[in-house]
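Let me begin by presenting the structure, written as structure tokens, before commenting on it.
Residue numbers (my numbering): 65 to 201.
Shown next, in the form of structure tokens:
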């Protein structure tokens, strides 16, 4: 069942279609409406278009054709500081300065429980979708 039209948006940026779809499903289960980008350039375009409605960026690190996930995270933090950021990778770990302040990193592969735990930690209660809030009860 799709989330209501007033549900907040999460943007998923990952070049791997199956991982992107899995992340979208996990975020939709948490109460978000998911937007999808296959690379950093697509993600920037969607951020420009929907920035007022997006409250979460969930991005892979290694993506072709434009900014990688670390640069996308830093750009997002600079241009849209109200957007929470989760960066995920199966092969690259963040070094000093890779992640903007407040961003969270998680290893791939990830489970719904791990993603929801990260979201619960980084999103203030007032910005959490109702299904994510309800998990704690």
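The C-beta atom is built at its ideal place from N, Cα and C for all residues, glycine as well.
Using only the alpha-carbon positions, how far apart do residue i and residue j sit?
i           : j           : result
residue 146 : residue 110 : 15 Å
residue 69  : residue 99  : 13 Å
residue 120 : residue 171 : 18 Å
residue 122 : residue 159 : 18 Å
residue 91  : residue 166 : 19 Å
Starting from residue i, trace the alpha helix (DSSP H) both ways and give me its first and last residue.
i           : result
residue 96  : First-last for residue 96: undefined, no H or E at that position.
residue 187 : Element bounds for residue 187: n/a, residue is neither H nor E.
residue 170 : First-last for residue 170: 168-171, but that is the beta strand (DSSP E), not the alpha helix (DSSP H).
residue 196 : 194-198
residue 115 : Taken as a continuous stretch (DSSP letters only), residue 115 belongs to no alpha helix (DSSP H), as it is neither H nor E.
residue 136 : 133-143
Using only the heavy atoms of the ligand COA, determine whether one of them is closer than 6 Å to the beta carbon of residue i.
i          : result
residue 68 : The ligand COA is not part of the structure shown, which contains no ligands of any sort.
Got a sec, what are the start and stop residues for the beta strand (DSSP E) residue i sits in?
i           : result
residue 120 : 118-124
residue 149 : 148-153
residue 75  : 73-77
Answer yes or no: do residue i and residue j have a C-beta to C-beta separation smaller than 7 Å?
i           : j           : result
residue 168 : residue 180 : no
residue 124 : residue 189 : no
residue 76  : residue 87  : yes
residue 186 : residue 148 : yes
Tell me whether residue i is buried or exposed, calling it buried when 16 or more other Cβ atoms sit within 10 Å of its Cβ.
i           : result
residue 192 : buried
residue 84  : buried
residue 136 : buried
With three or more beta-carbon pairs closer than 8 Å as the criterion, would you say the region 126-146 touches the region 170-179?
Between the region 126-146 and the region 170-179 there are fewer than three C-beta pairs closer than 8 Å, too few to call the two in contact.
Are at least three pairs of beta-carbons, each pair with one atom in the region 153-170 and one in the region 99-119, less than 8 Å apart?
Touching, no, given that fewer than three Cβ pairs across the two stretches are closer than 8 Å.
Tell me whether the region 128-137 and the region 87-107 touch, counting them as touching only if at least three CB pairs, one residue from each stretch, are closer than 8 Å.
A contact between stretches requires three or more CB pairs, one per stretch, nearer than 8 Å, and the region 128-137 meets this requirement with the region 87-107.
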